[in-house]
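S.K.:
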Amino acid sequence: MIYARAQTLSNAVPLTEILQLLEEKFDITFSYINETVEEIQLRPLSDEIDLDRYIQYLEKETNLKIKQLDERYYSISPNQNTPFRICGYLKDLETQTPLTGVTVIADEIMAITDENGFFELNGLEKGSVRPVIFRHLGYETAQVTLSNFEVDSCKQIALTQSLSSLQEVIIYNYIAQGIEKRVNGAHIIHNSQLQVLPGIMDEDVMQSLQVLPGIQSAVESVSDINVRGGTNDQNLVLWDGIRMYQTGHFFGLISVFNPHFTKQVSLIKNGTSASLGRAVSGTIDIKTESELATSYSVSGGVNLLGADMEIEIPLSDKTSVFLAGRHSISNLLQLPTYDQYFERAFGDIESVRYTAQDTLKGEVSDFRYYDVGVKLVHQSSDQEKWQLSFLNMSDDLSYEEQSISTAANISKSSVIGQQSSAAGLTHEKKWNNRWDTKVTGYLSHYKLKAENSDVSNSQRLNQVNEILDWGANFQAGLNVNRNLNWSNGYHFDERGMSSEDELNNPQFRRLEKEVIRTHVLFSEGVYTSNTSKTVISGGIRSNFFESLSSWVIEPRALINHRLTDRWSVDLAGEFKSQTTMQIIDLQNDFLGIEKRRWILANDADIPITKSKQLSAGLQYSYKNWLVSLEGYHKRVNGIITSSQSFQNQFELVRSSGSYKITGLDLLLSYRYENLSAWTSYTVSRNLNEFKELLDQEFSSNIDIRHFITSGVNYSSKKIECSLGLNWHTGNPFTEPSEETPVIDGEINYRFPNSSNLAYYLRVDLAAKYKFVLAQKIRTQIGLSVWNLTDNYNAVNSYFNLTDNEVIEQVTENGLGLTPNVMLRMTF
């Protein structure tokens, strides 16, 4: 394959400098207009080249006309201008994969490469002296002169990854294309570049994270992601810098974050920046597009669960707006895929359980979800940018219930709704080569509301849980020198939470409201050695919880060192804290669907949760092989029993304690041309400790000792497919005693979490085909199959006692064989 000569700007020099050198060397003079040559850069030739050959080189590379007037004088002028069209394909020089989203500029005409790396520019002037510029994040900016392009053929152009980017990234294509691991320990998923993953349709944000080692959901829910043994409420989930309290549609089965409105997802397991806090486990940072749109674009898609549409509108050369929306299609069409999701999400609904009684009849009358996002980007200059973000989402379920045992035929309905909205404004400015600032203001609102109607007893229970979170964050960065960056900042946050229960028969009402204001000062430094082999970051975060009159200091540190070109090691440690958590008062709260409610710490019976974590890792990368090994130990103090989802002897007990987890993550990955394969294995021990309880130390509800994921990916220009396996030991649960299962009308349990469900096994498949329809409509069709073998996977088990003191076992199962298909078009 022949490549056009893409000259990196770092190797090129201004044409004026070359002309000056030639004038001095050959005692000649060039006459030209400054505007003709001032923007041209190219690579100088060897000093041994004679003048004639040098002039031929300049004419070819610049498309200029150089005419000799006499022995010493030469004139330089543009060639005659004629209309000109160029086209080409951009690829990564090392991997030979197409580069999507490359900005191509020539003569103030701009284009963006598509998923095949293709671009074209029309209306150029053939005599133009300006080069074609190629810019792409993580790659060296390059240029190609117009003389290298031919009218009837498209050039193949290769870009090289930039050195500055290589200093930040340890591993590219981590597990799959589009996933990378950086020096700061963060795993980054670039949605537009992400290969199809097993069983995942449309690059679901929260599901994609679960292919990473140490990340799992013990109950198959994006609302219950466990990062190194932590519960979901211990994760900090940010959307454009705004904390989110709802992460799933279908009450936990689908991510609320539209993947086509998401540009990048960052996951941090340890060594978190001092600028981030408010949660003791993982940090999931989701970002939308922050660069200006270069052209009007519309894309839309539909699958068996919902439909979506995204629009990019360049309002001006400095302002762009991005719009996105999704909506369920169950109100129009209910297919087997919907039935599978519905049964998984609402199989435990209190009303559904009642339908087993002969006197009651029930059915779902309506279920729908939607999310809408808006992003406005205004770039005042190269040094200043404004971003305005807005997101609104909702899930609503109505359940009709009818009594057929009375002459009146009483009919009532139960409803549950979950709504969230978020808004944020960010201003970034680079004041000079050393100073930059970032200011963010945000507002986040969450509301969970349920009306539970008991037909038999003519009772109606209303429940509400609501959060209002607002604040501002200021951060200033200073480049002290080429080795040291120093950032400092202040963060103010106010969270108000309310929880309400109201019963009509007998009349009862409980309303609890709490507010916590937090003032945070943080400082962090990042040192990079001259060779870029060693990166050390260290910081401190000082939290003052005004309402609790309490200070919490959180040191953070991370060291990464590249031993050789193949080996690197890292060491990370952090202290973190949080004052927000979820509890379960009763398992049938909020119809038993979204039974967790958010509360705030009071530093009494609900303490501030604090964590300490230390981890060490070793990576080996050579050619197409990657081996990663990381061990960690984490201890979290201040957890309470009601936040652990116990369904045993501790279900109604209120006590505080801690948990500790020690684990080891191993990843083996191999890439060969269009194929990639990976296997990850996690072994861990997760123990709860409650000193006030009779059984002080026992396995956590999410103590999954052994966890294996494995997959194979194939990717070509038009086809992507992936097959994967997910296996782990069974979740812990508590069985009744065999000798005396019931004592005094209550279940007599064994030692807590001393039993395990059967092992979990799931095989997933996904495939995607890309092609272009008429009028250049980019089209994708896709297929995913979750649990291809239809394996029976129990994810939870608990026991109930009937009025006749008979023990019933209730088992919650994961999704069975669940296919989904997708169609997407981009205009």
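Each residue of the sequence shown is one higher than the one before, starting from 729 at the first, in this note's numbering.
Backbone N, C-alpha and C fix where the C-beta goes; we use that ideal spot for every residue, glycine too.
Here the structure is a predicted model, which is why all the values come from computation and not from measurement.
For Asn1515 and Leu981, what's the separation of their Cα atoms in angstroms?
M.R.: If you take the alpha carbons of Asn1515 and Leu981, they lie about 14 angstroms apart.
S.K.: Going by C-alpha distance, which of Lys788, Trp1198, Leu792, Gln769 is nearest Phe758?
M.R.: It is Leu792.
S.K.: Rounded to whole angstroms, what's the CA-CA distance from Pro1460 to Ser1525? Just pull it up for me.
M.R.: Those two C-alpha atoms are separated by around 9 angstroms.
S.K.: Cβ atoms of Leu827 and Ile837: under 8 angstroms apart, would you say?
M.R.: No, these two residues do not count as a Cβ contact at 8 angstroms.
S.K.: Would you mind working out which of Arg1223, Thr869, Arg1269, Trp1198 sits nearest Thr1307, comparing C-alpha positions?
M.R.: Closest by alpha carbon: Arg1223.
S.K.: Kindly indicate which residue of Thr1292, Leu966, Val984, Val1008 has the alpha-carbon position closest to the one of Asn954.
M.R.: For Asn954, the nearest C-alpha among the options comes from Val1008.
S.K.: Take the Cβ of Ala1332 as the centre, count every other Cβ of all protein chains shown within 10 Å, and call the residue buried at 16 or more, exposed below.
M.R.: Counting Cβ neighbours within 10 Å, Ala1332 comes out exposed, since fewer than 16 surround it.
S.K.: Just list the residues that DSSP pairs Ser949 with in beta bridges.
M.R.: Answer by DSSP bridge pairing: none, since Ser949 is not bridged.
S.K.: Please name the residue, chosen from Ser881, Pro926, Val911, Leu887, that lies closest to Ile903 on a Cα-to-Cα basis.
M.R.: Ile903 has its Cα closest to that of Pro926, out of Ser881, Pro926, Val911, Leu887.
S.K.: Between the region 975–992 and the region 929–942, are three or more C-beta pairs nearer than 8 angstroms?
M.R.: Touching, per the Cβ criterion.
S.K.: According to DSSP, simplified to helix, strand and coil, what is His682?
M.R.: Nothing about residue 682 can be read from this structure; the chain reaches only from 729 to 1555.
S.K.: Would you kindly report the start and end of the unbroken beta strand (DSSP E) that includes Val1534?
M.R.: That residue, Val1534, is in no beta strand (DSSP E); it is neither H nor E in DSSP.
S.K.: Which residues mark the beginning and the end of the alpha helix (DSSP H) in which Ile783 is found?
M.R.: Taken as a continuous stretch (DSSP letters only), the alpha helix (DSSP H) holding Ile783 covers 779–790.
S.K.: Report the residue from Lys819, Thr823, Leu818 whose alpha carbon sits nearest the alpha carbon of Tyr1400.
M.R.: Here the closest residue by C-alpha is Thr823.
S.K.: If we ignore side chains and look at the alpha-carbon of each, how far apart do Asn1352 and Leu1396 end up?
M.R.: About 11 angstroms.
S.K.: If you compare alpha carbons, which of Arg1096, Gln1508, Asn919 is closest to Gln1147?
M.R.: Closest option to Gln1147, Cα to Cα, is Arg1096.
S.K.: Do Asn1201 and Thr1256 have their C-beta atoms within less than 8 angstroms of each other?
M.R.: No. Outside cutoff.
S.K.: Please state the DSSP three-state secondary structure of Asp1067.
M.R.: Three-state DSSP puts Asp1067 in a helix.
S.K.: Leaving out five residues before and five after Leu797 in sequence, what residues of the same chain have Cβ atoms less than 7 angstroms from its Cβ?
M.R.: Taken in chain order, the residues that qualify are Ser803.
S.K.: How about Leu1346 and Val1297: do their beta carbons lie closer than 8 angstroms?
M.R.: Going by C-beta atoms, Leu1346 is nearer than 8 angstroms to Val1297.
S.K.: Confirm, please, whether the CB-CB distance from Met1550 to Ile1509 is below 8 angstroms.
M.R.: Yes; because the gap between Cβ atoms is below 8 angstroms, this pair is in contact.
S.K.: Compute the beta-carbon to beta-carbon distance between His1173 and Leu1196, rounded to the nearest angstrom, for a pair I have assumed lies under 8 angstroms.
M.R.: Sure, about 6 angstroms apart at Cβ, within 8 angstroms.
S.K.: On the criterion of 16 or more Cβ atoms from any shown chain inside 10 Å, does Lys1419 qualify as buried, or is it exposed?
M.R.: Lys1419 is exposed by the Cβ-count criterion.
S.K.: With distances taken from CA atoms, which of Asn1454, Glu745, Ile761, Tyr801 is nearest Asp755?
M.R.: Of Asn1454, Glu745, Ile761, Tyr801, the residue nearest in Cα terms is Tyr801.
S.K.: Taking C-alpha atoms, which residue in Asn1120, Lys1157, Val939 lies nearest to Gln719?
M.R.: Lying before the first or after the last residue shown, residue 719 is absent from the chain, which here runs from 729 to 1555.
S.K.: Per DSSP, what kind of secondary structure is Ala1002 in: helix, strand or coil?
M.R.: It is coil, neither helix nor strand.
S.K.: Determine the burial state of Thr1011: buried for a count of at least 16 other Cβ atoms within 10 Å of its Cβ, exposed for fewer.
M.R.: So Thr1011 ends up on the buried side.
S.K.: May I have the straight-line CA-CA distance separating Tyr721 from Ala1151, to the nearest angstrom?
M.R.: Residue 721 lies beyond the range of the chain shown here (729 to 1555); nothing can be said about it.
S.K.: Opposite Gly1345 in the DSSP bridges: which residues?
M.R.: DSSP output for Gly1345 lists Asp1298, Glu1358 as bridge partner(s).
S.K.: Run the CB neighbour count on Thr1517, radius 10 Å, all protein chains shown included, and call it buried at 16 or more, exposed below.
M.R.: Counting Cβ neighbours within 10 Å, Thr1517 comes out exposed, since fewer than 16 surround it.
S.K.: Going along the chain, which unbroken runs of the beta strand (DSSP E) with 3 or more residues stay wholly within the region 1137–1222?
M.R.: Entirely contained in the region 1137–1222, the beta strand (DSSP E) runs reaching 3 residues are, in chain order, 1139–1158, 1163–1182, 1187–1207.
S.K.: From Val872 to Phe1499, what does the alpha carbon distance come to, in whole angstroms?
M.R.: So the alpha carbons of these two residues sit roughly 29 angstroms apart.
S.K.: Check the DSSP bridge columns for Asn960 and list the partner residues they point to.
M.R.: In DSSP, Asn960 forms no bridge with anything.
S.K.: In this structure, what does DSSP give as the bridge partners for Pro1042?
M.R.: BP columns for Pro1042 point to Ser1048.
S.K.: Smallest Cα separation from Lys1103: which of Leu1032, Ile1430, Ala1021, Ala1522?
M.R.: Checked all of Leu1032, Ile1430, Ala1021, Ala1522; the closest Cα to Lys1103 is Ala1021.
S.K.: Mapping the DSSP letters down to three states, classify Thr1307 as helix, strand or coil.
M.R.: Thr1307 falls in the coil class under three-state DSSP.
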